[in-house]
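Only one structure is covered here, and it is reproduced in the block below.
In our numbering, the protein residues as written are 1491 to 2083.
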């Protein structure tokens, strides 16, 4: 049937078609989905304008959001000799960026340890995860960092800006207002991802090898920890540099063919000047390395800059000395002991201080930032101004700190470079169990519950004495954030030597519930030996780290309630972290005049 233009049904269909095309504009959305070509209102330059506060509204199913928020990682499982697969996965959803709706994007949690949060997680939004689309020219995703470790909300923005202004290749960064399913999560740092669009923009070629360094360094036996970020990449360029750095006497000419030395020295001096304790040169962390196809040289790129503007760190040795030259990483430590590099470093640092460290400019930008953000804070960010004042104080005092050490040049670096920390697998345990919840530790933990346990250490199965193996569940210690934990404790007597064995694994009380197909991450400890009395004082028990997953079939924190399920654990030992020295390294001391 063909409808006449004058037919009421035809007019109705035309009206509905017109309304359907206009509904996004009625809602203030300029386009419901920009799939093939970039939206004219969205450009990378606009989205990273420091004066622009990006408005990001995310929608995904409530169940997916709850699963995403609760995904986490264990330090011991994340730091092996080689990179491990991310525990985070993408969930489908929609995102509205400055009023432009982009459908069917991938949304996932991000972060290593310090930035992990269930209430305000850091997020990645990947436009092309579930369908081919290019809504923003020059960007293929959004990276939103929650600033959990930076109460000033300023560290990432100010540091990336300073790196870029002083000539080191670095991301762009500004801030965003983030809302998920109608809940406002506050101010996030909006950081440019180090992916193909970034590399194309900065190096004019994205085909080179890209590596991410997370607690990684260039030792011949540990460079495999660098994560390959492109499918065609290999560790070969890093292996070549690692071999050169392992030599007793450095060959600067050979190193210079692999590494852009002036660029690295500027990167190194900038990390030191900014007080960025958690970067490559001080902590072997938070950086990328790119092999530029134009000259086949390696370039270090800063990342994760939320721990700057400080003279101390939350890890031993706590105080950073010296402050003007960070040298705990292999490359920085070995290069600093070469007089020519030492002089070049000093000249670079002096240039940064004289030409770019302008206190009035810093203060003007900090004041602008405070006014820019103060009316959009989340309740958890109300201490923003107080912590921003700490940044002002650092900026005001940094010149004096650096000049004092420059006057004492050359500074003595007594210690050699540090090996990266990692966790070495010792064994594994799997168990199927039935027990109950105890209000306090049971009097006889060897005879509680029922379980089938398979435990192996160093490739050998561990046998237990007959009827000397028990399991119970109870409250454990609070975690670092003060949250209560539920702990499953396995206690037994080893048949070979009658030593007491304890396996304890904890998870947040909020996750202690029957599973619906999902496993929960657990972390804890393994102890072999007496833990109380004089024997424990004179014969310290073997203590190792435990991490793995649990799937609960029954779970409740009511006294006497049944608890059952299965658990898989790895037993791991912390390794690395040692300081090495090279026989021919020059030990620099202050020269007497």
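Note that CB positions come from ideal geometry on N, CA and C, so glycine has one too.
CB-CB under 6 Å to residue i, same chain, minus the five flanking residues each way: which ones, in chain order?
| i | result |
| --- | --- |
| residue 1571 | 1912 |
| residue 1585 | 1548, 1592, 1595, 1615 |
| residue 1719 | 1700, 1702 |
| residue 1798 | 1645, 1649, 1764, 1765, 1766 |
| residue 2066 | 1909, 1910, 1911, 1912 |
| residue 1669 | 1547 |
| residue 1566 | 1913, 2035, 2037, 2062 |
| residue 1809 | 1802 |
| residue 1540 | 1664 |
| residue 1563 | 1577 |
| residue 1980 | 1961, 1993 |
| residue 1940 | 1924 |
Can you tell me where the alpha helix (DSSP H) with residue i in it begins and where it stops?
| i | result |
| --- | --- |
| residue 1888 | 1874-1897 |
| residue 1545 | Note, residue 1545: premise wrong, no alpha helix (DSSP H); beta strand (DSSP E) at 1543-1549. |
| residue 1557 | 1552-1560 |
| residue 1760 | 1751-1763 |
| residue 1813 | It is not in any alpha helix (DSSP H) - residue 1813 carries neither H nor E in the DSSP assignment. |
| residue 1580 | From DSSP, residue 1580 is part of no alpha helix (DSSP H); its letter is neither H nor E. |
| residue 1727 | 1726-1735 |
| residue 1830 | 1829-1845 |
| residue 1535 | 1534-1537 |
| residue 1573 | Per DSSP, residue 1573 belongs to no alpha helix (DSSP H) and is neither H nor E. |
| residue 1824 | 1820-1826 |
| residue 1745 | 1742-1748 |
Assign residue i to one of two classes, buried (16 or more other C-beta atoms within 10 Å of its C-beta) or exposed (fewer than that).
| i | result |
| --- | --- |
| residue 2038 | buried |
| residue 1653 | buried |
| residue 1805 | exposed |
| residue 2027 | Residue confidence for residue 2027 is low, a pLDDT of 45 falling below 50, so the modelled location carries little weight and cannot support an answer. |
| residue 1640 | buried |
| residue 1908 | buried |
| residue 2008 | exposed |
| residue 1949 | exposed |
| residue 2071 | exposed |
| residue 2069 | exposed |
| residue 2059 | buried |
| residue 1511 | Any reading at residue 1511 must be qualified, since the residue scores a pLDDT of 36, below 50, and its modelled position is unreliable; the value itself is stated next. It counts as exposed. |
| residue 1530 | exposed |
| residue 1494 | Note on residue 1494: pLDDT 37, under 50, position unreliable in the model; the coordinate value appears next. Under this definition residue 1494 is an exposed residue. |
| residue 1621 | exposed |
| residue 1888 | buried |
| residue 1855 | buried |
| residue 1527 | exposed |
| residue 1609 | exposed |
| residue 1937 | exposed |
| residue 2033 | exposed |
Under 8 Å Cβ to Cβ from residue i, same chain only, skipping five residues before and after it: list those, please.
| i | result |
| --- | --- |
| residue 2129 | This structure cannot speak to residue 2129, because the chain is shown only from 1491 to 2083. |
| residue 1532 | 1524, 1587, 1588, 1590, 1625, 1626, 1627 |
If you follow the beta strand (DSSP E) that residue i is part of, which residue opens it and which one closes it?
| i | result |
| --- | --- |
| residue 1663 | 1663-1670 |
| residue 2039 | 2032-2044 |
| residue 1681 | 1673-1681 |
| residue 1862 | From DSSP, residue 1862 is part of no beta strand (DSSP E) but of the alpha helix (DSSP H) over 1849-1863. |
| residue 2053 | 2052-2065 |
| residue 1918 | 1912-1926 |
| residue 1977 | 1975-1984 |
| residue 1942 | 1940-1947 |
| residue 1787 | 1787-1792 |
| residue 1781 | 1777-1782 |
| residue 1955 | 1954-1965 |
| residue 1616 | 1612-1616 |
| residue 2013 | 2010-2018 |
Using 8 Å for Cβ pairs, my map puts residue i next to residue j. What's the rounded Cβ distance?
| i | j | result |
| --- | --- | --- |
| residue 1946 | residue 1918 | 6 Å |
| residue 1964 | residue 1931 | 6 Å |
| residue 1771 | residue 1822 | 4 Å |
| residue 1868 | residue 1675 | 6 Å |
| residue 1783 | residue 1695 | 5 Å |
| residue 1658 | residue 1775 | No, residue 1658 and residue 1775 are not in contact; Cβ-Cβ is about 17 Å, not under 8 Å. |
| residue 1846 | residue 1655 | 6 Å |
Starting from the C-beta of residue i, find all residues in its chain whose C-beta is less than 7 Å away, skip the five residues before and the five after it, and write them out in chain order.
| i | result |
| --- | --- |
| residue 1795 | 1645, 1646, 1649, 1650, 1766 |
| residue 1996 | 1966, 1975, 1976, 1977, 2012, 2013, 2014 |
| residue 1552 | 1671 |
| residue 1882 | 1853, 1856 |
* To do: Answer yes if the region 1898-1906 comes into contact with the region 1694-1704, meaning at least three C-beta pairs across the two stretches below 8 Å, and no otherwise.
  => Verdict: no, contact absent.
* **Contact the region 1741-1756 vs the region 1619-1628: 3+ CB pairs below 8 Å** => At 8 Å Cβ cutoff, the stretches do not touch.
* Does the region 1751-1758 touch the region 1782-1800, meaning 3 or more C-beta pairs lie closer than 8 Å? -> By the Cβ rule, the region 1782-1800 counts as touching the region 1751-1758, because three or more pairs are nearer than 8 Å.
* Asked: Between the region 1674-1691 and the region 1808-1822, do at least 3 Cβ pairs fall closer than 8 Å?
  -> They do not touch, by the three-pair rule.
* Does the count of Cβ pairs from the region 1655-1674 and the region 1536-1547 closer than 8 Å reach three? -> Touching, per the Cβ criterion.
* To do: Decide if the region 1859-1878 is in contact with the region 1834-1848; the criterion is three or more beta carbon pairs, one per stretch, under 8 Å apart.
  => Taking a cut-off of 8 Å for Cβ pairs, the region 1859-1878 and the region 1834-1848 do not touch, as fewer than three such pairs fall below it.
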